[in-house]
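Notes follow once the structure below has been shown.
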Amino acid sequence: MTEERLVNRISTTKEVRPVIAGWYDEIRTAHADGKLLAWTYGPVPFEIFRAMDIRFEHLESYGAYLAARSGQEKLKELSESDGYSNDICSYARLVRGVSMLRERGDTSSVPGVLLVDLPDFVVAFRQCPLMATVYDYQKRLFNVPGFCIDTIPAHSEADYRENLIYIRRQLEELIVFLEDLTKTKLDFDRLKQIMAYVKEAALVRNRVLDLCKTKPAPMSVFDHFISLGPSHSQRGKKESVEYWRRLEAEVKERVDNGIGVIKNEKFRLYWHNLPIWFKVGRLSEVLAKHGAVLVAASYTHELFYSHEPEKIDPEDPLTSLAAEEAWQSWLAADAIQGAKQVQKEIEDYSIDGMIMCSHRTCQPADIGEYDIIDIIGRRLGIPGIVIDADPTDPAFYSDAQTETRLQAFIETLEARKRRAATS
Amino acid sequence: MFVVGIDIGSLATKAVLLNGEKEVTGYVVTLTGADSNKAGQTAIDRLIKDAGINPAQIAYMLSTGYGRENINLSNGQLTEITCHARGAVHIDPAVRTVIDIGGQDSKAISLNDYGDVIKFAMNDKCAAGTGRFLEVMARALEIDLQDMGELSLKSKHRVEVSSMCTVFAETEVISLISRSIDKIDIIAAIHRAIASRTGNMTENVGVKSSVMMTGGVAKNIGVVHALEERLDCKILVPKEPQIVGALGAAMFALDRATSADVKNNTE
Chain A
1 MTEERLVNRI STTKEVRPVI AGWYDEIRTA HADGKLLAWT YGPVPFEIFR
51 AMDIRFEHLE SYGAYLAARS GQEKLKELSE SDGYSNDICS YARLVRGVSM
101 LRERGDTSSV PGVLLVDLPD FVVAFRQCPL MATVYDYQKR LFNVPGFCID
151 TIPAHSEADY RENLIYIRRQ LEELIVFLED LTKTKLDFDR LKQIMAYVKE
201 AALVRNRVLD LCKTKPAPMS VFDHFISLGP SHSQRGKKES VEYWRRLEAE
251 VKERVDNGIG VIKNEKFRLY WHNLPIWFKV GRLSEVLAKH GAVLVAASYT
301 HELFYSHEPE KIDPEDPLTS LAAEEAWQSW LAADAIQGAK QVQKEIEDYS
351 IDGMIMCSHR TCQPADIGEY DIIDIIGRRL GIPGIVIDAD PTDPAFYSDA
401 QTETRLQAFI ETLEARKRRA ATS
Chain D
1001 MFVVGIDIGS LATKAVLLNG EKEVTGYVVT LTGADSNKAG QTAIDRLIKD
1051 AGINPAQIAY MLSTGYGREN INLSNGQLTE ITCHARGAVH IDPAVRTVID
1101 IGGQDSKAIS LNDYGDVIKF AMNDKCAAGT GRFLEVMARA LEIDLQDMGE
1151 LSLKSKHRVE VSSMCTVFAE TEVISLISRS IDKIDIIAAI HRAIASRTGN
1201 MTENVGVKSS VMMTGGVAKN IGVVHALEER LDCKILVPKE PQIVGALGAA
1251 MFALDRATSA DVKNNTE
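Read top to bottom, the protein sequences are chains A and D. The numbering used here puts the first residue of the first sequence at 1, with every later residue one more than the last. The numbering used here puts the first residue of the second sequence at 1001, with every later residue one more than the last.
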């Protein structure tokens, strides 16, 4: 690895670590503070929990948080001893390790700061079949109430509309479920305020994404990955809006002064699928070494309310929440719709190539990678490469193999560029 | 003027010496071992000694392979995908598909009419279907690795080795031996299993004639035949398939040595 940093990271992202630490402090002290604690699986509507003062752990975010810290190997070993195969979702394995330590009352094997309490109830969104299975299992295991939001694997605009109505109806049922548990009524005005902040943060965030269409790119997708921390933990809070405003100001200043996130931008790339959480820093440097920068990604540019945030209606929060979930279901189920989004981003961000990240233990997210490469190749002549990895498990990742593929891919882009210049 | 291309693979290190007329004036193949820098240095020392030249006559040295960044003498480096493609096209300009099976990895490369790489695929982290896989199978069968190719051509009865996990396949082979299945038929089955896996990867990038196979495993005629059968096409094998990556690296080294900005070209 090069000693000198090649990536000029956005300094606002330095705020993220303490924000995340604060979020986990809140989760850890939930019971001490007399609050209910939910464990959640998949993209469930956090906004409703927030409006009802329910603290919540989110399995994927928690898995990513644990993956970046020492102690994760112990958690995976524990889950394996409980019968979780290595091929099962690595997020779920880490969090199962946590619950086993909690059941045993063992807080010495892994730093206590990593361990959240066992849940009072569980909530899932059935977009990922495995996540829904983990939900079913843990609901029985912890012997707690649970609610699973079902979804239709959409393949058309009509499916999406139908799904939206279906999900909205279930959100109403979820509220009844939560009101029974908390013995309090949901304050709809509070939920509307939360949705207003969600909308505002999403609009600012999309302006930041737009600024990254500039050449050279002022910010990379790696900075976006890190910024998903506040988007998640502070969703629906004023602080989230303020974070994105500070970030927007910094990015705008870079654009005004022609400052790029890397020095010598030669290639602009697209990243498909989840990040490799334990390699974000290294991969940004590896790409920078070859003059490549990630300017758009499915994870940052297609989710978290980035799709038409102007349509969020705080006065009708349930429809807006259902619309986001139905949109995520559509993208996850339909490679053709996925390819349409990728095409839009390739055109908007002047992208030269696609990196499709195939995650070993996240198969539901892997469907359609080769289809998308074929579709985009035929429509736009833009090439793609598939790399093998995992969101949190280093056992399924090799630096040498991945970096060789990325370098070879960039070499093919260089050859294309040279050929285009001479012919 | 001379240039060197050096391909430091996981099992073997290959170095090629090229003169200014693009002629191979020497090559070396040696084991990489644990220290790739040392292996590279040893290969280059031998190359220079055998050719009877002065190290100062080497204008540029370009490294490739997994150890490409670990060799101190290198002036620049490129991946083995780009170098194998270049080497193959130098040997036969009609090549449009390259299948390379090395010690611990395999790759399929598709080229355009200019010889540029347009698409490639590599095996994942597992070493199934590579040189190491064949080594393990030869050990299980108690035969010499280099005899496998010729022996498999004599196979009369079709048996199957279905697993491509090296460990599971070894178990399967032992099970076939215990059932008194002829070793020759087992070897042929192993070759078909490799051809199946590599063939799928090659079809993923697209099979266009001419197809050339490179890397140490190309010396195994049984694998080559099984691949020809799997892909339903003729496969060319160069005289020394193991050095094609190093040859390509040497070609790039020559480009750089003869370009005006050679001094700045040290990425």
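We put the CB at the ideal spot given by N, CA and C, even for glycine.
By the Cβ rule, the stretch 1217-1229 of chain D counts as touching the stretch 1176-1194 of chain D, because three or more pairs are nearer than 8 Å. Ranking D:L1111, D:V1173 and D:E1150 by CA distance to the CA of D:R1139 puts D:V1173 first. Within the same chain, H272, E369, G384 and V386 come within 6 Å of A:M356 by CB-CB distance, once the 5 residues on both sides are set aside. Taking a beta-carbon distance threshold of 9 Å, D:V1117 counts as an interface residue toward chain A.
Under the 10 Å beta carbon count, D:G1131 is surrounded by 16 or more other beta carbons and is classified as buried.
The DSSP-derived three-state label of A:L101 is helix. Per DSSP, the unbroken alpha helix (DSSP H) holding A:I20 starts and ends at V16 to R28.
For D:G1005, the enclosing beta strand (DSSP E) has its first and last residue at F1002 to I1008. Apart from sequence neighbours up to five positions away, the residues of its chain that approach D:I1081 with a beta-carbon distance below 7 Å are K1107, I1109, V1117 and F1120, ordered along the chain. Taking C-beta atoms as the reference points, D:L1073 and D:I1053 fail to come closer than 9 Å. Between A:L78 and A:G97, the gap from beta carbon to beta carbon is short of 9 Å. Secondary structure of D:K1119 (DSSP, three-state): strand. If you check the CB distance, A:Y160 and A:E15 do not come in under 9 Å. Burial check for D:L1031: the Cβ neighbour count within 10 Å stays below 16, so the residue is exposed.
At a beta-carbon threshold of 7 Å, the residues of chain D lying near A:A408 are T1079, I1081, T1082 and F1120, ordered along the chain.
Across the structure, A:Y62 and D:A1218 are spaced so that their CA atoms are roughly 48 Å apart. The distance from the Cβ of A:I375 to that of A:L269 is about 18 Å, inconsistent with a contact at the 8 Å cut-off.
Residue contact with chain A for D:D1232: absent (no Cβ-Cβ distance below 9 Å to any residue of chain A).
Spanning the alpha carbons of A:I346 and A:A158 requires a straight line of approximately 26 Å. Residue D:G1103 holds the alpha-carbon nearest to the alpha-carbon of D:A1012 among D:G1026, D:V1205, D:G1103 and D:R1068. Closest option to A:L203, judged by alpha-carbon separation, among A:E26, A:D371, A:E248 and A:T107: A:E248. Residue-level contact by beta carbon holds for A:P383 and chain D, with a gap shorter than 9 Å.
In this structure the stretch 1156-1167 of chain D does not touch the stretch 1087-1096 of chain D; the number of beta carbon pairs closer than 8 Å is below three. Beta-bridge annotation (DSSP): A:W39 is paired with A:E57 and A:V122. DSSP places A:S358 in the strand class (E or B) of the three-state scheme. Here A:R69 has L114 as same chain residues with Cβ atoms under 7 Å from its own Cβ, once five neighbours each way along the sequence are excluded.
Between A:A400 and D:Y1066, the alpha-carbon positions lie close to 7 Å from each other. The Cβ atoms of A:F267 and A:V293 sit closer than 9 Å to each other.
Within chain D, L1078, T1079, I1081, T1082 and V1117 have C-beta atoms less than 8 Å from the C-beta of A:E411, given in sequence order. Note on geometry: alpha-carbon atoms of D:A1250 and D:V1161 lie some 39 Å from one another.
Sequence-ordered contacts of the stretch 385-408 of chain A with chain D read D388, S398, A400, Q401, T404, R405, Q407 and A408 [C-beta pairs closer than 7 Å]. If you check each beta-carbon in the stretch 46-60 of chain A against every beta-carbon of chain D, none falls closer than 9 Å.
Annotation: the stretch 1052-1088 of chain D contains the following complete segments of the beta strand (DSSP E) (minimum length 3 residues), in chain order: 1058-1064. Taking all protein chains in view, the Cβ of D:Q1057 is surrounded by fewer than 16 other Cβ atoms within 10 Å, so the residue is classified as exposed. For A:A32, the secondary structure class from DSSP, reduced to helix, strand or coil, is coil. For the C-beta of D:Y1066, the chain A residues within less than 9 Å are, from N- to C-terminus, A400, Q401 and T404.
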